[in-house]
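Right, one structure below, let's go through it.
Chains as they are written, first to last, in our numbering: chain F, 3 to 372; chain U, 3 to 372.
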């Protein structure tokens with residue numbers, strides 16, 4: 003192809019989105035809730051989850067949707083995983099502030115109600131609640147024929163943590179060890195580009211994947227016999243990291259040799275890929291010198307789409323869905339603890355003080371703004 | 003016109019929605035959160051807000067969207083009220099369980115980001131936070147060109163209450179006095195029918211309203227000079243009842259002559275109109291013998307749309323946005339307290355034990371299922 007594909011040419015203008023969000027946030031005034039009262043806002047850099055005061059605790063809310071991955075699910079009439087995607091996008095954000103997710107509500111918008119879709123979503127959300135260990139505390143199904151042409155699914159997760167134990171990034175220092183947690187697949191970001199590449203190569207989601215889909219540490223959700231299809235690969239549900247991260251935080255608050263103060267930052271690798279790391283601290287840098295293995299679907303997407311490596315890492319998780327920055331003195335203990343629950347977790351790099359940017363073992367992969 | 007208009011013919015099939023929701027709920031298993039731990043579910047009839055345990059308190063979540071009212075806002079490029087609608091639909095549900103709303107998150111889906119829309123939404127949500135006295139704890143803006151053709155807006159509200167003080171409806175008894183709180187206008191339900199009637203009469207939302215739009219106790223949101231347009235009437239934001247209901251609950255928990263045990267039930271008159279009352283109790287009945295005045299837009303909609311009276315009361319709030327059922331012995335004190343803050347609040351009827359149905363002063367207006 004003549005031009006390399008990128009996320010913007012796939013119809014997503016990250017800068018325009020930024021301007022739109024900034025104008026929304028700019029219009030918001032200060033909360034009427036005073037410090038010390040339930041609901042008073044707690045300032046936190048990074049902004050993965052919104053924190054509020056609640057007595058001796060903090061509560062955290064996160065809201066997000068599944069996005070254009072839904073279009074693949076709808077085209078294949080396979081909604082069995084999207085409830086898990088929806089849950090994951092929210093609870094994984096809560097984990098980043100050190101919160102334990104406890105409840106979830108879903109919002110479903112459809113052109114008209116369809117019991118088949120809703121039964122599949124219900125089963126998927128039930129499985130998601132089990133994986134994230136949360137209560138489904140409600141939901142809304144809206145019929146909006148003039149607004150949506152097919153299923154939209156979003157949700158909101160509620161979490162909590164003891165006051166004073168938020169993971170804010172303020173303890174981050176050069177030398178902190180970065181532990182990467184493996185992703186299940188593409189998760190729920192970058193699907194505009196996935197869909198554009200699929201269109202470009204002229205393959206169908208029902209076609210067999212033209213690469214080896216096997217990869218230790220993940221199980222595809224299968225609905226065909228034989229070799230896995232592209233649809234099965236690309237509808238692999240987003241990994242929910244409550245297990246092991248909630249347990250890690252509990253252990254750190256308990257009697258492990260490492261403490262909650264040794265967990266300096268947690269980053270969900272979501273839209274924006276590795277550049278998300280920049281949200282955790284205003285000046286420190288991030289060096290991913292020993293990355294986790296790249297999953298085969300990313301290699302294939304890059305190759306057939308002619309996507310530049312930097313663009314891949316700005317769009318996709320590339321095999322690492324979450325990064326935990328840990329005090330260097332306790333990094334071995336934390337990694338050992340994590341590997342007992344998630345064997346493919348690994349030390350992938352370090353925090354440095356070489357400027358506010360992310361660098362990566364792959365040449366040209368460098369980010370200086372989110 | 004030959005056939006009277008109704009909500010189903012306007013494209014909304016309430017029974018189909020019920021089946022879809024039932025199949026979603028049916029697929030959900032029990033929560034993994036055990037009683038006594040944060041996040042454990044609390045069963046509550048009515049289901050306006052989902053309650054979970056949190057130490058000595060209960061937390062409540064409500065999630066809902068603005069629905070097809072958004073289509074009128076988008077057609078007029080007037081989004082200044084829809085943030086208030088979105089807030090109101092959620093916090094008013096929380097009030098029904100006796101919860102105080104403390105935080106809110108919004109979910110915005112658009113075909114592509116538009117700073118003008120987002121700035122208007124931001125201003126509207128800021129005003130909504132002020133009216134509902136909550137912190138905006140986050141939000142998500144999704145660009146979904148393949149899924150939405152125009153703005154969709156929904157949100158989730160979080161509230162809390164002391165354990166043991168939920169308003170469950172279990173104290174309701176025959177003889178309880180029903181206090182009605184006035185609505186601002188159509189609020190955020192029934193807009194499929196509004197839009198169908200508008201299409202039928204061939205008027206534009208920029209046309210002057212062909213009825214007297216003045217009504218004590220409400221102020222229209224105006225953006226034209228001269229007489230109010232139909233668009234200005236139909237985009238009147240939903241009333242947020244935190245003031246006075248949160249204060250009423252606080253007063254009842256404090257040193258007023260009436261107590262929290264005297265507030266037997268609170269009902270948000272939302273989609274389903276008066277039939278919502280049936281959600282509060284499995285067997286008692288509801289007699290609205292002295293209704294609040296019907297707002298002029300409802301009278302006009304009924305007349306030009308040829309809508310049956312019963313259908314009007316099953317679709318719209320008809321001028322009463324919330325109902326509070328109060329112990330008869332304290333009804334005067336509660337009503338006096340409310341009228342000092344909301345002068346058009348009034349006693350509108352009684353709870354009875356004549357079967358599980360709603361009856362109303364208007365002939366033929368009777369509901370035996372929600």
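All C-beta atoms, glycine included, are put in the ideal place defined by N, C-alpha and C.
Residues near residue i in its chain [Cβ-Cβ closer than 8 Å; skip 5 each side]
i, result
"residue 31 of chain F", "In this prediction, residue 31 of chain F has a pLDDT of 48, which is less than 50 and means its spatial position is unreliable; what the coordinates show is noted afterwards. Excluding sequence neighbours, residue 31 of chain F sits near nothing in its chain."
"residue 146 of chain U", "111, 112, 113"
"residue 39 of chain U", "55"
"residue 350 of chain U", "180, 181, 182, 290, 291, 292, 293, 294, 322, 325"
"residue 92 of chain U", "64, 65, 66, 103, 106, 157, 158, 159"
"residue 144 of chain U", "109, 110, 111, 112"
Residue i - DSSP class collapsed to helix/strand/coil
i, result
"residue 156 of chain F", "strand"
"residue 109 of chain F", "strand"
"residue 148 of chain F", "coil"
"residue 231 of chain U", "strand"
"residue 328 of chain U", "strand"
"residue 41 of chain U", "coil"
"residue 246 of chain U", "helix"
"residue 202 of chain F", "helix"
"residue 301 of chain F", "helix"
"residue 322 of chain U", "strand"
"residue 317 of chain U", "helix"
"residue 260 of chain F", "coil"
"residue 271 of chain U", "coil"
"residue 294 of chain U", "coil"
"residue 337 of chain U", "helix"
"residue 278 of chain U", "helix"
"residue 252 of chain F", "helix"
"residue 309 of chain F", "coil"
"residue 369 of chain U", "strand"
"residue 34 of chain U", "coil"
"residue 349 of chain F", "strand"
Buried or exposed (CB count within 10 angstroms, at least 16 for buried), residue i
i, result
"residue 1 of chain F", "Residue 1 of chain F is absent from the model: chain F starts at 3 and stops at 372."
"residue 4 of chain F", "Residue placement at residue 4 of chain F is flagged as unreliable, the pLDDT there being 48, under the threshold of 50; the coordinate-derived value follows with that caveat. With fewer than 16 other Cβ atoms within 10 Å, it is exposed."
"residue 240 of chain U", "buried"
"residue 108 of chain F", "buried"
"residue 187 of chain U", "buried"
"residue 176 of chain U", "exposed"
"residue 137 of chain F", "buried"
"residue 87 of chain F", "buried"
"residue 36 of chain F", "exposed"
"residue 206 of chain F", "exposed"
"residue 8 of chain F", "buried"
"residue 362 of chain U", "buried"
"residue 283 of chain U", "buried"
Neighbourhood of residue i by C-beta, 6 Å cutoff - its chain only, sequence neighbours within 5 removed
i, result
"residue 332 of chain U", "260, 264"
"residue 247 of chain U", "97"
"residue 357 of chain F", "287"
"residue 62 of chain U", "51, 53, 96, 99, 101, 161"
"residue 94 of chain U", "243, 270"
"residue 296 of chain U", "320, 321"
"residue 130 of chain F", "85, 86, 89"
Contacting residues, own chain, Cβ-Cβ under 7 Å from residue i (five flanking each side not counted)
i, result
"residue 222 of chain U", "215, 230, 234, 235, 238"
"residue 46 of chain U", "53, 99, 168, 170"
"residue 306 of chain U", "199, 203"
"residue 352 of chain F", "177, 178, 179, 180, 289"
"residue 150 of chain F", "111, 112, 113"
"residue 119 of chain F", "81, 112, 153"
"residue 279 of chain F", "269, 288, 325, 360"
"residue 196 of chain F", "188, 236, 303"
"residue 217 of chain F", "297, 298"
Expected contact under 8 Å - CB spacing of residue i and residue j to nearest Å
i, j, result
"residue 325 of chain U", "residue 262 of chain U", "In fact, because the Cβ distance is near 17 Å, the residues do not count as touching under 8 Å."
"residue 160 of chain U", "residue 105 of chain U", "5 Å"
"residue 135 of chain U", "residue 367 of chain F", "About 46 Å separates the two Cβ atoms, so there is no contact after all."
"residue 343 of chain F", "residue 245 of chain F", "7 Å"
"residue 275 of chain U", "residue 316 of chain U", "5 Å"
"residue 369 of chain U", "residue 277 of chain U", "4 Å"
"residue 173 of chain U", "residue 266 of chain U", "5 Å"
"residue 191 of chain F", "residue 318 of chain F", "7 Å"
Proximity test, residue i beta-carbon vs the ligand ADP heavy atom, cut-off 6 Å
i, result
"residue 366 of chain F", "Absence of the ligand ADP is noted for the structure shown, with no ligands found whatsoever."
Residue ranges of each beta strand (DSSP E) run of no fewer than 3 residues wholly in the region 160 to 187 of chain F, ordered along the chain? 179 to 184
Enumerated in chain order, which unbroken segments of the alpha helix (DSSP H) with a length of 4 residues or greater are wholly contained in the region 54 to 138 of chain U? 71 to 78, 84 to 98, 117 to 134
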